Amino acid sequence: MIEIQTDKLSFFLHAGNVTYAMEVNAQGDLTHLYWGPRLAAHDLSHLGRVRGRAFSPNPHGCDDQYTLDSLPQEYPVYGTSDFRSPAVEVHQPRDGSRIVELKYAGHRVLPGKPKLEGLPATLAPEAGDAESLAITLRDAKTGFEVELLYTVFAAHPVITRSARLVNGGSDPLQLRRALSCSVDFIPEYARYSFLHLSGAWTQERNLFTAPLRPGMQSVESRRGASSHQHNPFVALTELGTSEEHGRVYGMNLVYSGNFLGAAEVDIDGQPRLQIGINPFDFGWLLNPGEAFQTPEAVLVFSAEGLGGMSRALHRFYRRHLLSARWVDRPRPIVINNWEATYFNFTTDKLCAIAEQAAKVGVEMLVVDDGWFGHRTDDKSSLGDWTPDLSRLPGGLEELGRRVTAQGLKLGLWFEPEMISPDSDLFRQHPDWRLHVPGRPGTLGRAQHVLDFSRPEVREEIFRQMAAILRSAPITFVKWDMNRHMTEIGSASLPPERQMETAHRYMLGVYDFLERFTREFPEILIEGCSGGGGRFDPAMLYYTPQIWTSDNSDAISRLKIQYGTSLLYPFSTLSAHVSHVPNSAVGRVTPFTTRGHVALTGAFGYELDLTECTPEELDEIRLQVAAYKTHAQLLLEGDLYRLRSPFDSNESAWMVVSPDRREALVTYVLVLSDCNTANRNLPLRGLDPARRYRLSGTERIYSGESLLYGGVELPIPDRDFRSHQWHLVAVE
Ligand code: DGJ
52 MIEIQTDKLS FFLHAGNVTY AMEVNAQGDL THLYWGPRLA AHDLSHLGRV RGRAFSPNPH
112 GCDDQYTLDS LPQEYPVYGT SDFRSPAVEV HQPRDGSRIV ELKYAGHRVL PGKPKLEGLP
172 ATLAPEAGDA ESLAITLRDA KTGFEVELLY TVFAAHPVIT RSARLVNGGS DPLQLRRALS
232 CSVDFIPEYA RYSFLHLSGA WTQERNLFTA PLRPGMQSVE SRRGASSHQH NPFVALTELG
292 TSEEHGRVYG MNLVYSGNFL GAAEVDIDGQ PRLQIGINPF DFGWLLNPGE AFQTPEAVLV
352 FSAEGLGGMS RALHRFYRRH LLSARWVDRP RPIVINNWEA TYFNFTTDKL CAIAEQAAKV
412 GVEMLVVDDG WFGHRTDDKS SLGDWTPDLS RLPGGLEELG RRVTAQGLKL GLWFEPEMIS
472 PDSDLFRQHP DWRLHVPGRP GTLGRAQHVL DFSRPEVREE IFRQMAAILR SAPITFVKWD
532 MNRHMTEIGS ASLPPERQME TAHRYMLGVY DFLERFTREF PEILIEGCSG GGGRFDPAML
592 YYTPQIWTSD NSDAISRLKI QYGTSLLYPF STLSAHVSHV PNSAVGRVTP FTTRGHVALT
652 GAFGYELDLT ECTPEELDEI RLQVAAYKTH AQLLLEGDLY RLRSPFDSNE SAWMVVSPDR
712 REALVTYVLV LSDCNTANRN LPLRGLDPAR RYRLSGTERI YSGESLLYGG VELPIPDRDF
772 RSHQWHLVAV E
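Residue numbers for the sequence shown follow the working numbering, so the first one is 52 and each next one is one higher.
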């Protein structure tokens with residue numbers, strides 16, 4: 052997988068059908084040569100050639116044709132001759148300089164993939180799955196070193212990158228920028244577009260794409276969380292890229308905090324694509340001998356459009372990121388009481404819902420916000436994780452007993468990272484929140500953010516949560532997070548380290564989740580942040596499913612789930628059938644459509660089952676049976692997006708089993724029409740040589756006819772109608 056040619060010191064990383072190549076040039080700079088379809092190792096130096104340009108200075112000792120300003124590089128620096136966006140900036144308090152010159156100092160090839168200290172990252176537990184290359188770059192004057200870690204995966208078109216920054220000198224240094232990855236593309240910018248996933252609360256992960264132009268295009272988070280606003284992902288797509296065609300270069304950051312993803316087009320028309328911790332409001336003091344580990348960037352290449360990129364990432368994340376314990380396990384079908392009751396519930400009400408749930412085959416009751424402290428609305432009690440006995444008179448023990456007696460499992464909501472000013476915890480420890488002394492502190496949803504960078508804070512929350520989880524038969528935790536950071540400061544850090552707070556906070560969250568998943572391995576965690584506000588690979592490492600959005604309306608979910616599926620497997624998208632009119636948008640959609648749209652890998656309900664009509668309960672029985680039938684397919688299958696809700700009045704997708712013997716196709720027409728022509732929906736991913744039976748009928752189709760002709764679409768007769776086809780190979 053890793054080939055090294057020693058005559059010129061060139062490195063070839065072969066990952067699946069992809070090659071990524073670099074070289075150490077005569078000046079000792081690590082140059083980028085190639086990233087694209089697989090090719091055999093041979094001299095590619097011409098791809099990384101450099102040419103002198105007016106107003107591009109020449110580093111000392113180099114001729115006037117050599118400048119870093121147009122040299123394609125792997126980890127560019129600031130301050131010598133490159134005016135583009137650097138990957139790293141190092142402030143040197145001794146003389147105030149911010150300049151380092153990083154020259155090649157050595158490399159090592161490692162079997163497998165080393166763990167990244169303190170951070171979640173993709174894994175390669177089995178021998179032969181992956182191979183890693185660590186290249187060390189060194190600044191002679193300060194002794195500052197960067198170890199670039201590249202891992203290639205034999206079976207995936209994926210390379211992961213991260214950097215370990217080491218102070219190998221004798222003076223303290225301060226990192227001001229420490230990106231995970233930077234790639235200088237050889238292709239011309241005019242042939243590429245910048246793609247990102249952006250949105251807002253209840254409108255997460257819409258697709259945005261714009262042609263590259265000279266200068267900077269970027270997305271970032273300054274909110275202390277990866278956010279609803281921008282996902283930690285950027286890509287370059289060849290002009291004309293579709294679901295099935297075109298080259299796509301994607302970068303996804305395995306990180307849940309502030310990030311920057313950017314494309315800069317330089318004077319030569321070369322794009323530089325970067326991703327990493329946001330340098331905005333970031334600083335990190337590195338004393339002599341200390342090291343800083345950046346989060347990991349996942350680099351994916353597809354020559355088969357966006358669909359090819361998604362399937363590559365989905366397969367990769369299923370095997371190398373998501374917990375092996377959960378990845379292929381059908382998830383419990385849940386009834387979550389949030390949209391059913393909000394804060395208005397008691398043990399009896401929950402048990403009535405559970406009783407009805409048991410009758411229709413639902414498997415778990417998840418008790419959402421409001422079961423603890425004296426929380427009757429969102430204004431109090433976060434931090435006091437003890438049951439509210441006024442609404443749960445026998446506590447969680449009795450609730451657990453009664454719910455499990457119905458044959459259901461029990462799940463529980465927590466918001467571990469938050470504290471309400473109206474809480475005993477706050478009264479005892481007002482300085483345990485993120486804050487700046489002397490400033491009152493901004494509230495968001497009437498709460499503050501706990502300072503998870505502090506071990507004693509984590510310890511106390513862990514103690515409380517562990518006591519609750521051991522007190523009742525709880526097998527599922529919904530981990531919520533409902534505000535972003537302001538007044539970012541930690542009472543435990545000295546002034547010169549305050550800019551480390553946001554990243555230390557994330558390290559604290561990961562440390563907590565490490566401990567939690569170790570001590571409670573059988574508890575499935577569903578991630579959540581006001582819906583999908585922290586839907587990123589780092590959270591998925593611990594929480595194999597995430598509540599995709601607080602917008603549970605089936606039509607809104609078409610875009611949200613389509614965008615989310617660009618990167619994240621269907622098994623990770625938690626989706627529920629909710630009541631109508633929908634509480635977020637007021638829309639009334641058919642029950643069947645809500646069921647079809649919610650049928651992802653993590654399926655459930657978010658409505659008051661005691662108020663459902665007998666017809667609705669019958670429909671729920673069918674939906675539950677459908678999830679049970681298709682769970683394995685939804686967890687393991689390959690996703691093909693057939694129609695985009697972003698550019699049409701309809702949406703369609705299908706999941707195909709890895710052996711291509713089975714597929715589930717879903718189609719939703721948003722607004723109805725009249726006097727329409729007959730239309731078919733061509734399918735993808737099937738085996739053209741097989742024949743498939745349409746479940747529930749005697750109808751047999753050839754694979755070819757489904758691929759090139761399609762299934763017949765129903766005649767529109769009502770708004771928001773959906774249709775599902777289940778196809779099984781007959782031979
Ligand atoms: C936001 C979540 O996304 C909702 O599902 C619900 O759990 C509420 N928080 C509870 O406060």
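Glycine residues also receive a C-beta, built at the ideal position from the N, C-alpha and C atoms.
Small disclaimer: the values here were computed from a predicted structure and weren't measured.
Cβ-Cβ distance between residue i and residue j below 7 Å
i	j	result
residue 327	residue 231	yes
residue 648	residue 412	no
residue 196	residue 217	yes
residue 780	residue 741	yes
residue 185	residue 202	no
residue 271	residue 329	yes
residue 580	residue 532	yes
residue 303	residue 273	no
residue 499	residue 540	no
residue 568	residue 460	no
residue 427	residue 396	no
residue 74	residue 84	yes
residue 387	residue 417	yes
residue 764	residue 732	yes
residue 465	residue 560	no
residue 246	residue 286	yes
residue 137	residue 587	no
residue 237	residue 98	yes
residue 123	residue 82	yes
residue 92	residue 63	yes
residue 187	residue 198	yes
residue 688	residue 702	no
residue 564	residue 593	yes
residue 298	residue 363	no
residue 296	residue 227	no
residue 547	residue 501	no
residue 585	residue 276	yes
residue 706	residue 737	no
DSSP beta-bridge partners of residue i
i	result
residue 159	185
residue 627	655
residue 75	81
residue 385	415, 655
residue 228	140
residue 460	415
residue 303	284, 349
residue 1	What the structure shows of the chain is the stretch from 52 to 782, and residue 1 is not part of that stretch, so it cannot be assessed.
Limits of the unbroken beta strand (DSSP E) element including residue i
i	result
residue 806	This structure cannot speak to residue 806, because the chain is shown only from 52 to 782.
residue 267	266-271
residue 153	From DSSP, residue 153 is part of no beta strand (DSSP E); its letter is neither H nor E.
residue 243	243-249
residue 607	From DSSP, residue 607 is part of no beta strand (DSSP E) but of the alpha helix (DSSP H) over 605-615.
residue 353	347-353
residue 286	284-289
residue 322	322-328
residue 576	575-578
residue 717	713-720
Continuous alpha helix (DSSP H) stretch holding residue i: start and end
i	result
residue 561	552-570
residue 451	446-456
residue 512	506-522
residue 642	642-649
residue 588	588-593
residue 479	475-479
residue 367	356-371
Any C-beta of chain B under 7 Å from that of residue i
i	result
residue 465	Annotation note: the requested chain B is absent from the structure, which comprises a single protein chain.
Should the region 142-158 be called in touch with the region 182-200, which here means at least 3 C-beta pairs below 8 Å? Contact holds between the region 142-158 and the region 182-200, because three or more Cβ pairs, one in each stretch, are under 8 Å apart.
With contact counted as at least three CB pairs below 8 Å, one residue from each stretch, are the region 404-422 and the region 331-350 in contact? No, they do not touch.
Counting Cβ pairs, one atom from each stretch, are 3 or more of them under 8 Å apart for the region 473-482 and the region 449-456? With the rule of 3 Cβ pairs closer than 8 Å, the region 473-482 does not count as touching the region 449-456.
Across the region 151-160 and the region 205-214, are there enough close Cβ pairs to call them in contact, namely three or more that are closer than 8 Å? Below 8 Å, too few C-beta pairs join the region 151-160 and the region 205-214 to call them touching: fewer than three.
Would the region 440-451 and the region 481-497 be scored as touching if the rule is three or more Cβ pairs under 8 Å? They do not touch, by the three-pair rule.
Report yes or no: do three or more beta-carbon pairs, one from the region 547-557 and one from the region 592-608, lie closer than 8 Å? Segments in contact, no.
Count the C-beta pairs between the region 369-377 and the region 609-629 that are closer than 8 Å, then say yes if the count reaches three, no if not. Judged by Cβ distances under 8 Å, the region 369-377 makes contact with the region 609-629, as three or more pairs qualify.
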